[in-house]
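Student:
In my numbering, the protein residues as written are 4 to 136.
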């Protein structure tokens, strides 16, 4: 799974319509979110840092929910945008999920384990678990 990382609102215009998961490394306004959704009609999730999550209005959250776009909280640790504009969830994470499911762990237990292993936010891990079912 690829996560497109954008660090400034000016980069919204560079997004392709096929982008599905976008990490916003800036504090988005309502207009930014609307522009992004119009630019990326296939978006499945917006990923924002914890500190920016509190500033996203209820109306924007409701708009995203109506569009079926998940609003996920978290950071993209160790990613260097100057090297690659995408951050990726490696196949080993999916292999780990399969392993835990084979061992009979519930999604809640897998979420706790992966959270410790990857340092990703619970929202993002739940999103991955739901998509890998």
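We put the CB at the ideal spot given by N, CA and C, even for glycine.
Note that the coordinates shown come from a computational prediction; the quantities given were computed from them, not determined experimentally.
1. Can the beta-carbon of residue 92 be found closer than 9 Å to that of residue 26?
2. Check the DSSP bridge columns for residue 90 and list the partner residues they point to.
3. Cα separation between residue 52 and residue 99?
4. Where does residue 132 sit, in a helix, a strand or coil, going by DSSP?
5. Indicate whether residue 66 and residue 37 have their beta-carbon atoms separated by less than 9 Å.
6. What runs of the alpha helix (DSSP H), each 4 residues or longer, lie entirely inside the stretch 30 to 69?
7. Which same chain residues, not among the five before or five after residue 21, have their C-beta less than 7 Å away from its C-beta?
8. Assuming residue 76 is part of the beta strand (DSSP E), what are its boundary residues?
9. Helix, strand or coil: how does DSSP classify residue 82 here?
10. Taking a contact to mean a Cβ-Cβ separation below 9 Å, would you say residue 54 touches residue 29 in this structure?
Tutor: According to the data block:
1. What you label residue 92 is simply residue 89 of the chain shown in a count that begins at 1. What you label residue 26 is simply residue 23 of the chain shown in a count that begins at 1. No; because the gap between Cβ atoms is not below 9 Å, this pair is not in contact.
2. If you number the chain shown from 1, residue 90 lands on position 87. 6, per the DSSP bridge assignment.
3. Walking along the chain shown from the start, residue 52 turns up at place 49. Walking along the chain shown from the start, residue 99 turns up at place 96. Rounded to the nearest angstrom, the two C-alpha atoms are 25 Å apart.
4. As a first step, residue 132 must be located in the chain shown, where it is residue number 129. DSSP, read as helix, strand or coil, puts residue 132 in helix.
5. Counting from one through the chain shown, the residue named residue 66 turns up at place 63. Counting from one through the chain shown, the residue named residue 37 turns up at place 34. Cβ distance < 9 Å, so residue 66 and residue 37 count as in contact.
6. Those alpha helix (DSSP H) runs which fall completely within the stretch 30 to 69 and span 4+ residues are 33 to 42, 53 to 56.
7. Position 18 of the chain shown holds residue 21. 45, listed in sequence order.
8. In the chain shown, counting from the first residue as 1, residue 76 sits at position 73. Counted as a single uninterrupted DSSP element, the beta strand (DSSP E) harbouring residue 76 occupies residues 73 to 76.
9. On the chain shown, residue 82 is found 79 positions in, with the first residue counted as 1. The predicted model places residue 82 with a pLDDT of 49, which falls under 50 and marks its position as unreliable, so this point remains unresolved.
10. What you label residue 54 is simply residue 51 of the chain shown in a count that begins at 1. What you label residue 29 is simply residue 26 of the chain shown in a count that begins at 1. The answer is no: Cβ separation not under 9 Å.
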